[in-house]
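Single-structure report; data block below.
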Amino acid sequence: MPIITYREALNQALREEMARDDRVFLMGEEVAVYNGAYKVSKGLLEEFGEMRVVDTPITELGFAGVGVGAAMVGLRPVVEFMTWNFALLAIDQVVNAAAKMLYMSGGQYPMPMVFRGPNGAALQLSAQHSQAFESWLAHIPGLKVVTPGTPYDAKGLLKAAIRDGNPVIVLEGEMLYNTKGEVPDEDYIVPIGVADLKREGDHCSIITNGKMALVAMQAADQLAKEGIRVDVVDLRTVRPMDVDAITTSVRKTNRAVVLEEGWEIAGIGAQVVDYVQRHCFDDLDAPVLRVHQADVPMPYAKQLEKSAKPDVAKTIAAVRKVMYLD
Amino acid sequence: MATKKKTDGRALPGDSALRRELLHSMLLQRRFEEKVGEAYALGKIGGFCHLYIGQEAVSTGVLSMLRPDDYIITTYRDHGQALARGMSPRAIMAELFGRIDGCSRGKGGSMHLFDRNLNFLGGHGIVGGHVPVAAGVGFAIKYRGGDQVIACFMGESVVNTGAFHEALNMAALWKLPCVFIIENNKYGMGTAVERAAAIKELDRRADAYDGMMGEHVDGQDVFAVREAMSRALAHARGESRPVLLEVRTYRYMGHSMSDAVSGTYRSKAELDEYLKRDPIALLAARMKEAGDLADADLDAMEQEIKVVCQDAWDFADASPEPPLESLYEDVLVETGS
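Listed below in structure tokens is the structure:
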């Protein structure tokens, strides 16, 4: 199987879906002439032309709304945000328009569209460019929210998102774009709402999503050297969440650590822990612990930033703690 | 020979049948909304409810110029446009009553009337939010190579939002067939337009965008609105260029049902002055003067509309509440395409 980057996987997904369905178009800042701020849309302008690969002014609220309007009358827009931090300017269109149109029209106006772009922190981008918005978006009924952590999942989930009849949020990662993995050449999708057991073990479950799947796998490798075998449950989709995958794993291991990129309060992990306490109360041998970003805006200085981010060491420490090893 | 009043109506635009249609459309909106006011007072309608009374020449003037395949999008003050587009009074009233036979199955209410069959893309509740959506519909028309237009209604307070500027900029940049219609009824809730906008003639905002036509027109004169719309359509449909039309009108009721008609932010004297230019009375008077409408004709029209409005009420009242199992319906669609 070919090994390609996460960025190339997304590019393949866009190219294949645009070739498959002429209602699909891509719009956003720098997606066309510049080939994408992160080169995800490289070559698409040349292949599909300027009507289907649309450079927008720097006007998130405006072009997100253009996507909403186009979806209402039957096109299938893919709206790229250069980062989800900038999408806050457009949140009215995501939350008040895209997520609610079907419901408040009594089922008359489905919204087949995708909002996508990098989410969360990269390196030393400081407070306004380093936020993970999974829990904000997952809070909203009427949206689906996917967070691919590998190239395989990135291609399969983006293709599924484009084919979905609903507004789907695709949260990518700047730090993921260069990561590599096996990605089939042929057409496939990763179904939305289905988690992936990325590693099997019976001592503890690490339940995670998105960029943190990579961190969880690295933690699992190190823990294996100590003889600790963990399940890594990559949720992949945070709305709707694969509750069965969570409970199946926790019932097997009886211990869980929930790892996420964002902040603690009302985070994705809080929801996971709620499912665990409801469905696995009698299965637990220890309280569930959470690993997340420190409850501060992201600082710039290297040492402070490292300290604020969830990482392998913090994940290992949490696993050891729920196993009563420390 | 004594001077005889004109009796053939030739001094008025259009033919007699068209003029009656226009009058009927406006009168239906007026009487329907008076009924809505009654129903609200009786508690049959809840939530926010914004009446259009006084602005009927705008909806009728604009929408009577559109084709069935054109698109319409509007704000939360949407009853008038829905009726003028031909939405069933029964379906609208049932929606206001929160019943299953409502145009949005009781999920939207007064602010969110939708009708896919009429390309009526909804009433929207966030001031300014629907303007970029209209640009998106214009984009889709162009994407498909169609020759429809979208008429986007908005209140005058929208012109101060960022969404408005962002949408108009893209509409002009990409040459989209959008007619943006500012219904300037002088007040954004209780704030007078001159206290909110640093510009007097709102259509001059069009000057900020190359290729956008701007015009203002008397919104109490349905013929004037139609003529302005005709010019707008030549630009939007004919040239695939956006238009900004400021239609100067007035609302005779409060901002919403909880707002006093006058006394806080506007005087009774001002209201009375504008009542002299009631768009329906103006049209009826002109038609009568031209010998185009007899008192008996108007009475018959009133009678017919009264029956329609009562029928809408009775229909809405008899329609069941949405079943509880519909609570979770229409959050998402089941299939991909």
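Chains as they are written, first to last, in my numbering: chain A, 13 to 338; chain B, -9 to 327. Heads up, the beta-carbon is just placed ideally off N, CA and C, and yes, glycines get one too. Keep in mind the model is a prediction, meaning the values are calculated, not measured.
Fewer than three Cβ pairs drawn from the stretch 163 to 177 of chain A and the stretch 136 to 147 of chain A lie within less than 8 Å of each other, which leaves the two stretches out of contact. Within the DSSP bridge table, the entry for residue 299 of chain B names no partner. With contact defined as three or more Cβ pairs closer than 8 Å, the stretch 158 to 174 of chain B and the stretch 124 to 134 of chain B are in contact. Using a Cβ-Cβ cut-off of 7 Å, residue 172 of chain B is close to nothing in chain A; its nearest Cβ partner there is about 18 Å away. Here residue 156 of chain A is near residue 252 of chain A, since their CB atoms are less than 8 Å apart. Under the DSSP assignment, residue 175 of chain A falls outside any beta strand (DSSP E), being part of the alpha helix (DSSP H) whose first and last residues are 163 to 175.
Here residue 293 of chain B is exposed: its Cβ has fewer than 16 other Cβ atoms, across all protein chains shown, within 10 Å. The beta carbon of residue 46 of chain B lies closer than 7 Å to those of 16, 19, 20, 70, 269, 270 in the same chain, with the five residues before and after it left out. If the five residues before and after residue 83 of chain A are omitted, its C-beta is found closer than 7 Å to the C-beta atoms of 89, 123, 124, 125, all from its own chain and listed in chain order.
By the C-beta criterion, the stretch 284 to 295 of chain A is judged to be in contact with the stretch 255 to 268 of chain A, since at least 3 inter-stretch pairs fall below 8 Å.
Each residue's CA atom was taken as its position, placing residue 94 of chain B and residue 336 of chain A some 56 Å apart. At a C-beta separation below 7 Å, residue 325 of chain B has these neighbours in chain A: 177.
By a beta-carbon distance limit of 8 Å, residue 182 of chain B does not contact residue 190 of chain B. Their separation comes to about 12 Å. Under the Cβ criterion of 8 Å, residue 94 of chain B is counted among the residues facing chain A. Between residue 283 of chain A and chain B, the shortest Cβ-Cβ separation is not below 8 Å. One thing to note: residue 127 of chain A has its Cβ within 8 Å of the Cβ of residue 106 of chain A. At least 8 Å separates the beta-carbon of residue 323 of chain B from that of residue 273 of chain B. At least one C-beta of chain A is nearer than 8 Å to the C-beta of residue 97 of chain B. With a threshold of 16 other beta carbon atoms within 10 Å, residue 117 of chain B meets it and is buried. In terms of CA proximity to residue 193 of chain A, A/160 leads the group A/176, A/160, A/221.
The residue among B/32, B/120, B/105 with its C-alpha nearest the C-alpha of residue 75 of chain A is B/120. With 16 or more other Cβ atoms from the protein chains shown falling within 10 Å of its own Cβ, residue 143 of chain A counts as buried. The criterion of a C-beta distance shorter than 8 Å is satisfied by residue 227 of chain B and residue 139 of chain B. Take residue 50 of chain B, set aside five residues on each side of it, and the residues of its chain with a beta-carbon closer than 7 Å to its own are 12, 15, 16, 74, 212, in chain order.
DSSP places residue 220 of chain B inside the alpha helix (DSSP H), whose first and last residues are 212 to 223. Partner residues in the beta bridge of residue 17 of chain A, as assigned by DSSP, are A/192.
With the criterion set as a beta carbon lying under 8 Å from some beta carbon of chain B, the members of the stretch 90 to 106 of chain A are 104, 105, in sequence order. For the stretch 40 to 125 of chain A, the continuous beta strand (DSSP E) assignments of 3+ residues that do not extend past its boundaries occur at 65 to 67, 88 to 92, in sequence order. Not one beta carbon of chain A lies nearer than 8 Å to the beta carbon of residue 206 of chain B.
Interface annotation, residue 320 of chain A: not in contact with chain B, CB-CB separation never under 8 Å. Following the DSSP letters along the chain, one finds residue 114 of chain B inside the beta strand (DSSP E) bounded by residues 110 to 114. DSSP places residue 208 of chain A inside the beta strand (DSSP E), whose first and last residues are 208 to 211. At a cut-off of 8 Å between beta carbons, residue 104 of chain B contacts chain A.
If you draw a 10 Å sphere on the C-beta of residue 224 of chain A, you find 16 or more other C-beta atoms in it, and that means buried. Contact note: residue 157 of chain A does not reach chain B at a C-beta cutoff of 8 Å; the least C-beta distance is about 12 Å. Between residue 265 of chain B and the set B/202, B/23, B/210, the nearest pair of CA atoms involves B/210.
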